[in-house]
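In the UniProt record's numbering, the protein residues as written are 1 to 785. Structure first, commentary second.
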């Protein structure tokens, strides 16, 4: 019998060992306490346990300072080893070994750390415990700091050891998790191509294993593409991330807010502001539930920028007032987000007076933000991009108000920031400002270099194949949501039908029982008399049925063959149509690029001309080329590559001419009354040139300094007839103007282009100038609203 006297020493030893293990572990996680208080407690304690505890706390306080005392930890580790060996407790001994190895890592002695963990792994290998052996290497690799660049190769080597053991012994989930750690290490080391391969491998494994962590892998893969500068693939990965997250039965709200907000940012960078707004709102809703101040303020800032870019200024102001007071105590970076959104709003509203008033506050806040960002760039790759995006409203204000010297000063500060911490989007923002400054200062060679850099980045962001894949993925997502609803309705219908069938079945069984009783009685009575006759009739019927079945079988075979032939023909036709559509899209894309090059050449040429008339003529030519370029841009950027929507095209053309001729400062307003009609390219080009000539003439000649209004109507007056009206309320045509005798290039072009449309051209004074073109639409289809 085991007495208290026998087990008492064992219990005492276990208590001491537990205290040592606790002290060692606590040394790595506890915060510092008051040194004087610890020393006082140390002097006043009489109990051995309390004395050891006080010594540990004193040691922990010094560990939190610049000059720690790792030897204290070594002392407790040694004591714990002795106690573990005394009671032969392998669990405690394993914990001591791991902490011993971690202490070597903290000291920077990786040779000793490798020796300790190698001995532990070999021990488990001897015991034929491969899971613990692999876990040992996994633990070691994870304890090496990601920030220690000198140990990247060592860290990868150790992760690969763990991965090999997991894989060899069939621990598939652990092997996939280790692949993720390898990918993450490559990413932090800046080796993005290798990281991409490993992340994709992890996704494939998680799909097979149905791991709920697959959303996090897509999130990290998207980060990898962002840091690599591949924005189309980043968007695709973020869509997959959100789809995986929403499909998971266990949703981690903490990660969910990141998934939604970063997908919103990716859509924002593609200028799909409506889509971005949807996901930002979802992210902010989760952040509010979690009371996560940082993510809440980030999401609010992104929502404000979406409202501003969608020209929903009232909504932006209301949202700003609603959200700014939720967290009164903000960090410098969070304060900068709200100041940035406010200045951006004033810029878009053309309220330069309000913008100028808040610039001193903006600069004061961002001086603090810049200091905060300087300390974050090493740990947070996005810190520099976030700073540039938040700071951009100030350079934009100087650009809008043409304060070139101030813009140049801000640009010098931005160009001095470390380029290796910027994404391609941030670099493009800086190049665009440089292009404007150099153009304004007459440094056209430097401006051309900036323009070329911008074009390279834009081309890299326009990945047609990835865009198609994104579109297909979004379509599949919406289709899956609809299918789910349909399936739920079908399930309900099936349940109701089954219940109804059971009722009918019970009724039929009852009726059948009664009927069978009567039939059996009749059969018994007439059995002998009708036996021969019935057999003969059955034989005849069977022969008829066999003949009919044979004919039906032949018809069914023929039908299946015809259906198969039909499907093959339809499939071939569909493939050819898809190939044709993509070829047309590429043609329009190249035409648009060539027209942009022509405009750049005209712009460059105009810089060297001194003759005002010549420069005006070149600018008119630029506008005509741009009118055609917009058509081709519309054609390759939408699903229907054969037609454009008149309303969208005219709106884009007006926006371009408004900016080109500085209509805002000249107080010239535009009013549009446009039908949603699709127009073939053969008619869109002459119509666009007529619009360009008429609007340009009104802007240039119709108004004095008080400005005025230009009305553009494009209405279907009949099912196949468009009335295109350009009317201004300016000073009108000269009293002696005669359309039949005029020989100006613009008028001749409009008359010739009207004939090309097969329509009529008319110009009147009422009292401003009215230009009316009426023509029939070829293959007219009303566009979807």
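By construction, the Cβ of each residue, glycine as well, lies at the ideal position given by its N, Cα and C atoms. All values derive from a computational prediction rather than experimental measurement.
A straight-line Cα-Cα distance of about 13 Å links residue 135 and residue 181. Around the beta carbon of residue 178, a 10 Å sphere encloses 16 or more other beta carbons of the protein chains shown; the residue is thus reported as buried.
Here the region 704–716 does not lie against the region 742–752, with fewer than 3 beta-carbon pairs under 8 Å apart. In the pairwise beta carbon analysis, the region 562–577 is classified as not touching the region 405–416: fewer than three pairs are separated by under 8 Å. Nearest to residue 318 by alpha-carbon distance, out of 330, 303 and 332, is 303. Here residue 602 is near residue 622, since their CB atoms are less than 8 Å apart.
Between residue 224 and residue 195, the C-beta gap is smaller than 8 Å, which places the two residues in contact. About 18 Å separates the beta carbons of residue 649 and residue 699, which is beyond the 8 Å limit, so they are not a contact pair. The C-beta separation of residue 419 from residue 336 comes to about 22 Å, leaving the pair out of contact by the 8 Å criterion. Non-local C-beta neighbours of residue 753 in its own chain, meaning closer than 7 Å and more than five positions away in sequence, comprise 686, 689 and 690, ordered along the chain. Fewer than three Cβ pairs drawn from the region 761–780 and the region 664–676 lie within less than 8 Å of each other, which leaves the two stretches out of contact. About 6 Å separates the CB atoms of residue 251 and residue 245; that is less than 8 Å, so the two are in contact. In its chain, beyond the 5 residues on either side, 214, 217, 218 and 221 have a beta carbon closer than 8 Å to the beta carbon of residue 203.
No Cβ-Cβ contact shorter than 8 Å links residue 280 with residue 313.
In this model, residue 495 and residue 243 are separated by some 30 Å (Cα to Cα). Residue pairing by DSSP places residue 730 in no beta bridge whatsoever. Runs of the alpha helix (DSSP H) lying entirely within the region 269–343, each at least 4 residues long, are 273–290, 293–309 and 313–323 in chain order.
The region 323–331 and the region 346–363 do not touch, with fewer than 3 CB-CB distances between them shorter than 8 Å. Between the alpha carbons of residue 192 and residue 228 lies a gap of roughly 6 Å. Under the DSSP assignment, residue 665 falls outside any alpha helix (DSSP H); it carries neither an H nor an E label. Between residue 340 and residue 384 the beta-carbon gap is near 15 Å, outside 8 Å, which marks them as no contact. Residues of the same chain with a CB within less than 6 Å of the CB of residue 372, apart from the 5 flanking positions on each side, are 332 and 333 in chain order. In the structure shown, residue 642 adopts coil according to DSSP, grouped into three states. Residue state for residue 717 is assigned as strand, using DSSP reduced to three classes. The alpha-carbon separation between residue 555 and residue 541 amounts to approximately 21 Å.
Secondary structure of residue 494 (DSSP, three-state): helix. Distance from the CA of residue 140 to the CA of residue 449, rounded to the nearest whole angstrom, comes to 50 Å. Pairing residue 600 with residue 453, the inter-Cα distance amounts to about 14 Å.
Annotated three-state conformation of residue 233 is helix, per DSSP.
With respect to residue 185, residue 152 sits close: the two C-beta atoms are nearer than 8 Å. If you look at residue 762, you'll find it in the beta strand (DSSP E) that goes 760–765. Residue pairing by DSSP puts residue 708 in a beta bridge opposite 668.
Note on geometry: alpha-carbon atoms of residue 169 and residue 434 lie some 58 Å from one another. In this structure residue 123 is not in contact with residue 162, their Cβ atoms being roughly 16 Å apart against a cut-off of 8 Å.
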